[in-house]
Every structure is written in structure tokens, then in C-alpha cells.
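As C-alpha cells, the structure follows; a few thoughts come after it.
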Amino acid sequence: MRAAATPPLASGILTDVGRQRRVNQDAALALDLPHGGLYAVADGMGGHAAGELAANLALDTLSQHYLDGRGPPAERLAEAVQAANLAVLRHAVGEYVGMGTTLMALLVDRGAGIIAHVGDSRAYLLREGELHRLTDDHSWVAEQVRLGNLTEEEARHHQWRSVVSNGLGGEERVRLELFGLPLRAGDRLLLCSDGLSSVVADRTLLDLLLRPQAPDQTARALVNAANDAGGPDNITAVVVDVLRDQRLPHYTLPVRQGDGPLYVDVLLSAQRGSSPLTYVLLILAYFTLLGVMLIPEQRGLIALLGAALLVGVVVAQRVTRARLGRPPPRPAPIRAAYPEGEPQEARNSSG
């Protein structure tokens, strides 16, 4: 009798009101899918009832729209985020005027992860003892850090640290970041609200994520650390472990853009390859062929000119895609401060 195959993923999810709030405006999602899973964190804004409604409404709509959608997974995820945005926007009336929410979503599809990011909730990747922050906050304070006007430590304590510059429910078309990355066995991913990331330092996050615990125990340890540090906000952690390697999906993963969040229709157009330059290529090819047919005595010159223009447009298209797809500088990874041979007990005692 054959032993059951190791499942590809394991996850843990926990959300907590914290020590200084009366209502939990965070929400979290872990949804198993045939070839992976959909995971998300939402941090609601706009008052107690409004923030709680916005966060839960966003995740309910995200999951349902993704399940009902068709087409490539990356496009379905972006469309599901837009659907969640409209759901929040349309409920922002009466006592709920001004409500909104952040959204951090991770779609695992076979051997790839696809991130959809709106707001200041975060995604981290732990790989081979290094903690990589995958996302940049969409906030005024984060922008000041990127410009060099504030340090990370100053930003952590700034009075405007919780003021986001982008969220669901703000306008008809959502602005988001959408990008993919290959995953491999041993990876551990963390999605969290700023109630964790703004309170617990990255070094401590690394120490806690390195512990050989199941994802649900790790999520509990992370929430406990935020509460031990005062728990000033709601706290949510979703931990996803990649247990075995899987092949990459057949489609091209979306590339991380260098200009921050973009409107969803712009992202989808780029993903589908329907840029204006593509139409220019088709028009040039058509008129080149037409010229060769109508003026046969000049067909050599017309074909040469047409080919030169087509090559020029292709080069311009590739240069433009390379510029747009160039990721912004990433924060340096946090590395484990322990030698490879140090006992695990020493690591656990430091957290």
C-alpha cells in the first residue's frame, strides 16, 4: 500500500484584536484550491463597524470572484481584487461613508506565488535563513523612507505611520501591485497587517519564522509577540509553508512594476499583451504587405523599409517593457544571526 503523498502546502491563520482596541477590523483568508491556495489579509479602515465590514466584505468578494472567474490565474486574481474594490466602494454609504481596507493576497498556483497588494499590509518570504520583504507599503511614511527623508526606525514611530495612500474603496478603479515569483520546497511566506509589522522588528520576525513549528503555531507566536510589545492595533498573520517542489505553471508570471501601484486595467492590458505598440506592429505589417502587392516594382524597397520599421518597433517595445518591469530596489534581506551548527534551543530563547 503506497504512502500518501506529502501535501504541497501547509498554512496557519490567526487574527487578534490586540491589547488596545475593542473591535477587530482585520480579516484573514485561507482557501484551498486544486493546485495550491488563495491567502489574504485585509485591514479595515473608517471606524469600528465600517472597517470590520470593509475587511470581511473584501475577502468574501475576493474569494468568490476568484472561484467564479475564468482565464489565467494572475488575471483572475487582479479581477477579483477589482471586484472586492467595487464591493467596498458601493457599501460606503450612510454610516459607512469613507470606509476602506488594505488587501494583501497571495495566490499559490503549483510552483508559483502571485502577489496582489493594495495598502500597507505586507508579504515576507523566508528562504534559506534569509527574510525578504516582498512588498512596499502604499503610505506617505513609506514614500518618505524611499526618498531618504525618514529612516525605517523613524517611520516605525511616526505619527502618520498608519495613514495609507492607497486602499480598496477609494475610487472606481483599484490601483494595485501584481507580481509573481517561483516557489520551492522549504519556503515560508508570511502575510500580515501592520499591527504586526509596525510593532515587531524584522529581526524578531525572522527569529520567530525560523522556529521549526507548524504554521498555526508560528502564527500564534507572531501574534503573541505583537501583543507582548503592547498590541496597539489589531494583529493578523497568515503563514504558508511550501512543503514540496512543484512545476511552474505554463503561463508567464507577472513582472513587478517599477512605478508602484498601477490601475487594474493598465495591469491587465500589460498582462494580456494588448499594448498600443502591439497594434502598431500589426498595422505596419498590414501596410507593408499591401504596399508589396500594389507596387510590385518597388516591393524590395517597401519590404526593406517595412522590416526596418517592424524591428524598430519591436526593440522599442522590449525597451519599454524592460523599463516598466524593472523592480524597485528591495530592502536588504535579514539574515539569521546564528551559525549553522548552533542548537535550536538557543534560537528559540532569543525570540
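Counting from 1, one number per residue, gives the positions in the sequence shown under my numbering. Here a beta-carbon is modelled for each residue, glycine too, at the ideal position from N, C-alpha and C. In this text, all values refer to a predicted model and were calculated from it rather than measured experimentally.
- With respect to the 7 Å criterion, residue 332 and residue 248 are not classified as neighbours on the basis of their beta carbons.
- Comparing alpha carbon positions, the residue from 237, 128, 181 and 284 closest to residue 29 is 237.
- Here DSSP, grouped into helix, strand and coil, assigns residue 223 to helix.
- Apart from sequence neighbours up to five positions away, the residues of its chain that approach residue 99 with a beta-carbon distance below 8 Å are 44, 45, 46, 47, 50, 51, 53, 54, 88, 91, 92 and 169, ordered along the chain.
- A straight line joining the alpha-carbon of residue 286 with that of residue 298 spans about 16 Å.
- If you ignore the 5 residues before and after residue 137, its C-beta comes within less than 6 Å of the C-beta of 120, all in its own chain and listed in chain order.
- Between the alpha carbons of residue 192 and residue 211 lies a distance of about 18 Å.
- Annotation for residue 66: the continuous alpha helix (DSSP H) segment containing it runs 48–68.
- The three-state secondary structure of residue 236, taken from DSSP, is strand.
- Judged by DSSP in its simplified three-state form, residue 251 adopts coil rather than helix or strand.
- Around the beta carbon of residue 117, a 10 Å sphere encloses 16 or more other beta carbons of the protein chains shown; the residue is thus reported as buried.
- Within the DSSP secondary-structure output, residue 203 pairs in no beta bridge.
- Distance from the Cα of residue 27 is smallest, within the candidate group 143, 296 and 104, for 104.
- Burial check for residue 122: the Cβ neighbour count within 10 Å reaches 16 or more, so the residue is buried.
- In the structure shown, residue 272 adopts helical secondary structure according to DSSP, grouped into three states.
- The way I'd put it, the stretch 183–200 does touch the stretch 220–238; three or more beta-carbon pairs between them come closer than 8 Å.
- Ranked by how close their Cα comes to the Cα of residue 167, the residues 185, 15, 263 and 187 have 263 in first place.
- Here residue 11 carries a strand assignment [DSSP, helix/strand/coil].
- The alpha-carbon separation between residue 110 and residue 32 amounts to approximately 12 Å.
- In the same chain as residue 253, and ignoring 5 residues on each side of it, the C-beta atoms closer than 8 Å to its own belong to 74, 112, 114, 179, 180, 181 and 182, in chain order.
- For residue 195, the enclosing alpha helix (DSSP H) has its first and last residue at 194–197.
- In chain order, 125 and 333 place their CB closer than 6 Å to the CB of residue 132, counting only its own chain and leaving out the 5 sequence neighbours on each side.
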